[in-house]
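This report concerns only the one structure given below.
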Amino acid sequence: MYSFAGPAEVNGKYQKIRDLLQPVLIVIFLLVPWIKINDKPVLLLDFFNRHFVILGHSFFSHDAPLLFFLVILLILLIFIVTAVFGRLWCGWSCPQTVFLHSVYNKIEKLIMGAYSKRRVLYMSEDNPAKKIKISFLYAVFILVSWILAHSFAAYFLGSDKVTSYIDEGPAQHLQAFTVLMLITSVLFFNFTFFRENLCLYICPYGRFQNALIDRNTLVVFFDKIRGEPRGKFSGNDLEKGDCVSCNRCVTVCPVKIDVRNGFQQECIACGKCIDACNDVMSKVKRQPFLIRYETGNQKKITLKRFRLALYAGLILIFSVALGLSIANRTQIDLMVTRASLSPFGVRINKGQKIIQNQLQIHLKNQTENSTEVTIDLSEQNKKDGLRLITSVHQFRMNPEQDLKAPAFVEIDELALLNKKQKIEIVLSTDQTQIFRTIDFIGVE
Ligand code: SF4
Ligand code: SF4
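Take any residue in the sequence shown, count from 1 to its spot, add 46: that is its number in our numbering.
In structure tokens form, the structure reads like this:
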């Protein structure tokens with residue numbers, strides 16, 4: 047078994063739009079991780095280092111609530127678009143469909159010939175010429191997958207890292223090279239053998255879309271009233287419907303369903319069957335759009351729907367939450383944790399017992415600017431006799447610097463007696479003050 051012939055080629059109005067739209071999307075998908083705004087990528091999803099860049103703005107693990115609201119908003123946007131337009135995203139702009147239809151399928155046509163020719167070739171007995179052709183096809187697919195793998199990796203590792211891997215060669219970065227080989231293999235397998243099975247069996251969006259659509263949603267619709275009863279074209283078919291049972295709508299369908307059987311979850315709304323059928327209709331001199339984009343109830347798209355109002359309300363709520371999170375996002379993130387397993391230590395100085403708590407101060411500059419930082423105890427803590435010993439009292443933090451420093455807070459035992467003491471760490475910059483409180487341990 048080598049491969050499937052894939053869907054038959056199609057020409058028509060929607061294919062023309064696809065041929066204009068998808069090359070643009072391909073360029074966007076490939077270039078996004080390499081384009082920079084203020085020396086930062088447009089999009090970086092560095093899960094390993096919990097560093098995310100969106101439109102040149104950095105976010106870190108501390109920004110989890112903000113990222114959570116952003117993800118929820120994206121999901122709600124998908125919900126609302128799906129409720130109105132069905133699976134148009136799948137059939138027109140999902141990277142899986144775009145690369146499969148406008149890169150791999152086109153290369154396959156170029157090397158193996160158009161649908162009918164390559165179908166015969168794939169089904170024929172093995173022979174050396176066939177093996178050479180298929181090997182060549184696979185070699186080109188591997189090369190394309192290798193190129194795509196670099197852009198794919200750049201989304202998660204950053205373009206600078208991927209460029210350095212390329213510059214310095216695989217010998218210097220064996221681990222990265224192995225990961226790139228792995229991504230290439232997965233892409234090659236996906237686009238050569240698995241293809242639309244990803245939409246059918248793996249993509250979660252495809253799985254839950256049934257819950258998002260209703261009779262007002264735009265779907266690809268076969269007009270049964272006009273089309274049935276179907277039958278072979280004979281030139282004098284007054285009793286028959288317009289469908290001439292040519293099966294073109296099935297051979298062009300990437301997911302190999304028969305749209306005439308009504309709405310099916312597998313349909314990715316690519317519209318190829320519409321183009322194919324229009325072509326047939328023009329040949330048999332019948333009206334076009336026997337298959338067409340249409341709402342399930344065959345009425346105009348309406349936005350006055352309960353589910354749309356619900357999604358819009360939720361989008362509003364989460365937009366406000368996102369806005370508030372951004373407004374409250376601090377310049378510097380400060381975390382104070384207990385550093386030592388033993389709750390407290392005791393040292394003797396001039397016969398005087400001093401109780402110490404060991405802390406860890408974790409600072410993250412969340413901005414692209416360097417800033418002067420001062421760390422101290424609150425005035426009340428100082429009055430109570432607490433002292434802070436750390437190397438990070440006053441210093442300049444570089445943009446996005448992540449710093450962990452040990453600190454000791456101590457107090458003379460006599461000053462502590464019978465008090466429930468709290469440590470109040472104060473971080474000050476020229477713009478803000480941040481307070482963190484942690485219990486002082488050392489009192490019975
Ligand atoms: S392409 Fe049109 S005419 Fe041909 S089988 Fe499909 S619906 Fe019928
Ligand atoms: S039924 Fe038509 S629109 Fe749906 S996936 Fe097949 S060709 Fe595309």
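Don't be surprised by glycine CBs; every beta carbon is placed ideally from N, CA and C.
Computed from a predicted model, the values in this text were never measured in an experiment.
A direct Cα-Cα distance of roughly 12 Å separates R241 from P141. Checking the DSSP bridge columns, you'll see D379 partnered with K410. Distance from the CA of L156 to the CA of S148, rounded to the nearest whole angstrom, comes to 12 Å. For the pair G215 and Q406, the Cα-to-Cα distance works out to about 39 Å. Your pair F115 and A367 checks out as a contact, with CB atoms roughly 5 Å apart and the cut at 8 Å.
Secondary structure of R393 (DSSP, three-state): strand. Distances between the C-beta of K59 and the heavy atoms of ligand 2 are all 7 Å or more.
D485 counts as exposed, since fewer than 16 other C-beta atoms from the protein chains shown sit within 10 angstroms of its C-beta.
A distance below 8 Å separates the beta carbons of M443 and V419.
Fewer than three Cβ pairs drawn from the segment 158–173 and the segment 185–204 lie within less than 8 Å of each other, which leaves the two stretches out of contact. Cβ contact annotation for Q447 (same chain, cutoff 7 Å, sequence separation greater than five): N411, in chain order. CA-CA distance, E312 to R133, rounds to 10 Å. Exclusion of the five residues before and after F187 leaves F234 and T238 as the residues of its chain whose Cβ lies within less than 6 Å of its Cβ. For Y150, there is no enclosing beta strand (DSSP E), as DSSP marks it with neither H nor E. A453 carries a strand assignment under DSSP once its states are collapsed to helix, strand and coil. Within the same chain, Cβ atoms closer than 6 Å to the Cβ of G102 are found at I83, N84 and K86, the five residues on either side in sequence being excluded. With a cut-off of 7 Å, the C-beta of I320 is classified as distant from ligand 1, since no heavy atom of the ligand falls inside that distance.
One Cα belongs to S191, the other to T230, and the distance between them is close to 5 Å. Using a cutoff of 7 Å, the CB of A315 counts as near ligand 2, since one of the ligand's heavy atoms is closer than that. Relative to the non-hydrogen atoms of ligand 2, the Cβ of V144 never comes closer than 7 Å to any of them. Taking 7 Å as the cut-off, the C-beta of S291 counts as close to a heavy atom of ligand 1. Taking non-hydrogen atoms of ligand 2 into account, the C-beta of V301 is found less than 7 Å away from one of them. The nearest non-hydrogen atom of ligand 2 is 7 Å or more from the C-beta of V326. The bridge partners DSSP lists for T436 are A453. The C-beta distance from K286 to R272 rounds to 11 Å, too long to meet the 8 Å contact threshold.
The secondary-structure analysis by DSSP pairs P87 across a beta bridge with K82.
Assignment of I100 by DSSP, reduced to helix, strand and coil, places it in the strand class. Within the segment 265–348, complete beta strand (DSSP E) segments of at least 3 residues are found at 337–341, given in chain order. Rounded to whole angstroms, the gap between the alpha carbons of V56 and R64 is 11 Å. Among the bridge pairs identified by DSSP, M443 is matched with T417. Note on the segment 104–151: whole alpha helix (DSSP H) runs with a minimum of 4 residues are 110–131 and 141–145, in chain order.
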